[in-house]
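**Q**
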Amino acid sequence: MVWENIKMDANSDTVKNKRTPLVFLCLSLIFSVWGQVFIYFKKDVSAGIVFFLIGVVLFVISARFLKTEVGEVSSEDRGNIRKNIGFFLIVMVVAAFFRFYSLDTVPVGFHRDEAKASLDSYYIMQDKQPLNSFSKHPVYIGPITDNPAMYNYLIAAVYQIIGVGVVESRAASAFLGLLAVAAMYFLLYYLFGGAAAFAGGILFAAMKWHVAFVRIIFHSGFSVFILILVLYFGYKVFKERRWRDFIF
13 MVWENIKMDA NSDTVKNKRT PLVFLCLSLI FSVWGQVFIY FKKDVSAGIV FFLIGVVLFV
73 ISARFLKTEV GEVSSEDRGN IRKNIGFFLI VMVVAAFFRF YSLDTVPVGF HRDEAKASLD
133 SYYIMQDKQP LNSFSKHPVY IGPITDNPAM YNYLIAAVYQ IIGVGVVESR AASAFLGLLA
193 VAAMYFLLYY LFGGAAAFAG GILFAAMKWH VAFVRIIFHS GFSVFILILV LYFGYKVFKE
253 RRWRDFIF
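And the structure:
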């Protein structure tokens with residue numbers, strides 16, 4: 013009887029240990045979302061940052077509770093560095109072709125969303141306040157952009173290097189799309205090894221939906237790059253619990 017009670021207590025402790033990181037992770041998500049609500053909808057940046065930082069702390073705590081083995085690529089992949097570099101270069105060449113070829117003529121025209129995003133980026137470069145924003149250095153830009161401004165800052169940086177124009181704007185978007193392919197390759201390499209990274213990288217490099225969105229000036233194309241980075245570093249944080257991955 014005593015032994016059975018001990019086993020039941022041990023099982024209950026195990027269940028609690030498994031639930032603890034999940035509870036902290038859910039709380040982290042709630043506080044992070046609530047922080048963004050304060051920043052973007054209630055326009056209370058100070059309170060929003062506080063809630064968001066609380067979410068970050070809870071996320072770190074949840075990662076500390078997890079006890080998982082560090083993911084590693086196979087020894088065969090590690091011993092074939094040249095092969096994997098070759099795979100990566102092939103993937104990037106294919107991706108660059110689909111994203112930059114005939115960028116001056118395909119797609120035709122210039123959509124109003126592209127024009128607004130380009131104008132916002134130009135104003136940021138000129139240190140002027142973009143339309144429907146709250147400052148010269150906005151975090152969020154209102155209608156018809158209705159998106160965070162990070163994408164526009166990156167395009168403005170490209171303007172400083174290669175100039176202002178339709179092709180230049182689309183080249184900036186295509187370059188960010190190219191970075192998304194590179195990020196996808198490294199995510200697949202970390203999870204499954206070199207062969208899977210090459211196959212998945214080639215498929216992603218030629219995917220019509222991604223090619224279409226990054227050949228125009230559209231925030232959703234850039235969000236794919238951010239999402240892949242979140243998956244990559246988020247998974248590494250939970251697997252390896254290194255501060256450098258969390259910071260990135």
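First residue of the sequence shown: 13, per the numbering used here; consecutive thereafter.
Using N, Cα and C, we set each Cβ at its ideal position, and we do this for glycine too.
#1: Between K128 and the rest of its own chain, which residues show a CB-CB distance below 7 Å, the 5 nearest in sequence each way excluded?
#2: Taking only three categories from DSSP, how would you classify N159?
#3: Nearest-angstrom Cα distance between L243 and L203?
#4: How would you call R111, buried or exposed, if buried means at least 16 neighbouring beta carbons within 10 angstroms?
#5: In whole angstroms, give me the CA-to-CA distance for F237 and A186.
#6: Between V49 and L39, what straight-line distance do the alpha-carbon atoms span, to the nearest angstrom?
#7: Considering M137, what are the terminal residues of the alpha helix (DSSP H) in which it resides?
#8: According to DSSP, simplified to helix, strand and coil, what is I51?
#9: Could you tell me the distance, in whole angstroms, from the CA atom of V85 to the CA atom of N92?
#10: Using the DSSP secondary-structure output, state which residues sit across from Y152 in a beta bridge.
#11: Name the residue from M196, P142 and F210 whose alpha carbon lies nearest to the alpha carbon of K95.
#12: Which of the three DSSP states is assigned to K248 in this structure?
#13: What would DSSP say about P119, mapped onto helix, strand or coil?
**A** Quick answer:
#1: For K128, where only same-chain residues beyond five positions count, the Cβ hits under 7 Å are I156 and T157.
#2: Three-state DSSP puts N159 in a strand.
#3: The alpha-carbon atoms of L243 and L203 are separated by roughly 11 Å.
#4: The residue in question, R111, is buried, as its Cβ has 16 or more Cβ neighbours within 10 Å.
#5: Their Cα atoms are separated by approximately 11 Å.
#6: Distance between the alpha carbons of V49 and L39 is about 15 Å.
#7: Under the DSSP assignment, M137 falls in the alpha helix (DSSP H) whose first and last residues are R124 to M137.
#8: DSSP places I51 in helix when its eight states are reduced to three.
#9: At V85 the pLDDT is 48, less than 50, meaning the model places this residue with poor confidence and gives no usable figure here.
#10: P160.
#11: Per the C-alpha coordinates, the member of M196, P142 and F210 positioned closest to K95 is F210.
#12: Here K248 sits in helix by DSSP.
#13: DSSP, reduced to helix, strand and coil, places P119 outside both helices and strands of the structure shown, so it counts as coil.
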